[in-house]
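For reference, the structure is listed below as structure tokens.
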Amino acid sequence: MRVNTIVGGIIITILLVSVVYAFASPIISGPIFLTGDDKARVTIEYSLNSTQMPGISYVNLNFTLKSGGIEVNFTDDIELIYKFVFRQDPSVGEPNITNIKLNSELLVDVMAESGDVRVTLGSNYIYNCNMSVGAGGVAATLSNSTNLGYLNLIVTYAGGVSVDILDEASFDFLNLMVNTGGVRLHIDANSLGKNCSVYSEVKVGGMIVDSLLLGTDLGCRVRASVDIGGIFLNTVDFTKIEESANKVEIISSNYTIASTKIDIDVFLGLGGGMVNENPFFTFPTGFG
526 MRVNTIVGGI
536 IITILLVSVV
546 YAFASPIISG
556 PIFLTGDDKA
566 RVTIEYSLNS
576 TQMPGISYVN
586 LNFTLKSGGI
596 EVNFTDDIEL
606 IYKFVFRQDP
616 SVGEPNITNI
626 KLNSELLVDV
636 MAESGDVRVT
646 LGSNYIYNCN
656 MSVGAGGVAA
666 TLSNSTNLGY
676 LNLIVTYAGG
686 VSVDILDEAS
696 FDFLNLMVNT
706 GGVRLHIDAN
716 SLGKNCSVYS
726 EVKVGGMIVD
736 SLLLGTDLGC
746 RVRASVDIGG
756 IFLNTVDFTK
766 IEESANKVEI
776 ISSNYTIAST
786 KIDIDVFLGL
796 GGGMVNENPF
806 FTFPTGFG
């Protein structure tokens, strides 16, 4: 293990994990129904299933939230196309949701002002998703019920993105973009449904790639670079390909022979990163 000796980068790394925790923690840990002061908020649910919209194979979802939090989950319910549960202040207008069917493809467009929303997607469709938050957080759990082409998680102004990739999740491309704030990526999988790639970019802030928990059937390559700042790298259980003041690359020992592979590329503008290393706090998981 080696720390790049750039004091500014280390300081920003400490700041960034606080940013990720501050923005992602409420999204990951907060129950959708709360008590106390939260009773003033209203809950609105929208859902669509295969009976209501037959003949669908592909779902393109564009979801825009100006401020608040989005949690994305997948279920093994083969009838479900989507379910959105919004929790928002009574003064906030209802979300605008449109569904357009083109042959076997469903185009879903969602626009919402503010609040928190839980997005649940089914297992019988191939999804391509753009999830955008102006200010706030986005959390996604990719489980064995996940069937994705691509998933774009974007924080336009400030906030955090947190993603868990679990065993047998199936996706082609995961894109994580934050202007100011941080991204946290956690992988705990023996194998994945297909070869896949992850790209993360943070303009100001940083990136945490937790300790990589991989099975023998899953190979992994991580490449990370920073323009101004530093990267904390843990090479345990990995082969170091490159390590310099602003760029690192590691691969798992089974990368060339693994049946499935995941490639992770990280770019940081001003900030710091942690690769294959757990932060000094534990992220909560799941709604209470």
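With my numbering, the residue at position 33 of the sequence shown is 558, and numbering never jumps. Positions of the beta carbon are idealized from the N, C-alpha and C atoms, including for glycine. All values reported here derive from a predicted model rather than from experimental measurement.
List the endpoints of the continuous beta strand (DSSP E) containing residue i.
i, result
"Lys-608", "605–613"
"Leu-573", "567–574"
"Thr-760", "Thr-760 -> no beta strand (DSSP E), and no H or E assigned at all."
"Ala-637", "630–646"
"Ile-622", "621–627"
"Ser-592", "583–599"
Could you name the residues of the same chain whose beta carbon sits closer than 6 Å to that of residue i, not counting the 5 residues immediately before and after it, in chain order?
i, result
"Asp-634", "Asn-587, Thr-623"
"Glu-774", "Arg-748, Ile-766, Glu-767"
"Asp-601", "Ser-648, Ser-670"
"Val-723", "Leu-699, Ile-789"
"Ile-569", "Phe-611"
For residue i, does the count of other Cβ atoms within 10 angstroms reach 16, so buried, or fall short, so exposed?
i, result
"Asn-672", "buried"
"Ile-679", "buried"
"Gly-797", "buried"
"Pro-620", "buried"
"Val-686", "buried"
"Lys-786", "buried"
"Ser-670", "buried"
"Gly-731", "buried"
"Ile-756", "buried"
"Ile-553", "For Ile-553, the predicted structure reports a pLDDT of 39, less than 50, and the residue's modelled location is therefore unreliable. The matter cannot be settled from this model."
So, at 8 Å on beta carbons, what are the nonlocal neighbours of residue i in its own chain, with the 5 sequence-adjacent residues on each side left out?
i, result
"Gly-467", "Residue numbering for the chain in the displayed model covers 526 to 813; residue 467 lies beyond these limits and cannot be assessed."
"Ala-821", "With the chain running from 526 to 813 in the structure shown, residue 821 is simply not present."
"Ile-581", "Ser-575, Ile-606, Lys-626, Ser-629, Glu-630, Leu-631, Tyr-650"
Beta-carbon within less than 7 Å of residue i's beta-carbon, same chain only, minus the 5 sequence neighbours each way: which residues are those?
i, result
"Asn-779", "Thr-741, Gly-744"
"Val-567", "Gln-613, Pro-615"
Contact check, residue i vs residue j under 8 Å by CB: the rounded distance?
i, j, result
"Leu-646", "Tyr-607", "6 Å"
"Leu-758", "Val-703", "That pair is no contact at about 21 Å."
"Ile-782", "Phe-763", "Actually they do not touch by this definition, with Cβ atoms about 15 Å apart."
Every unbroken beta strand (DSSP E) inside the segment 658–730 [3 residues or more]: 673–691, 698–714
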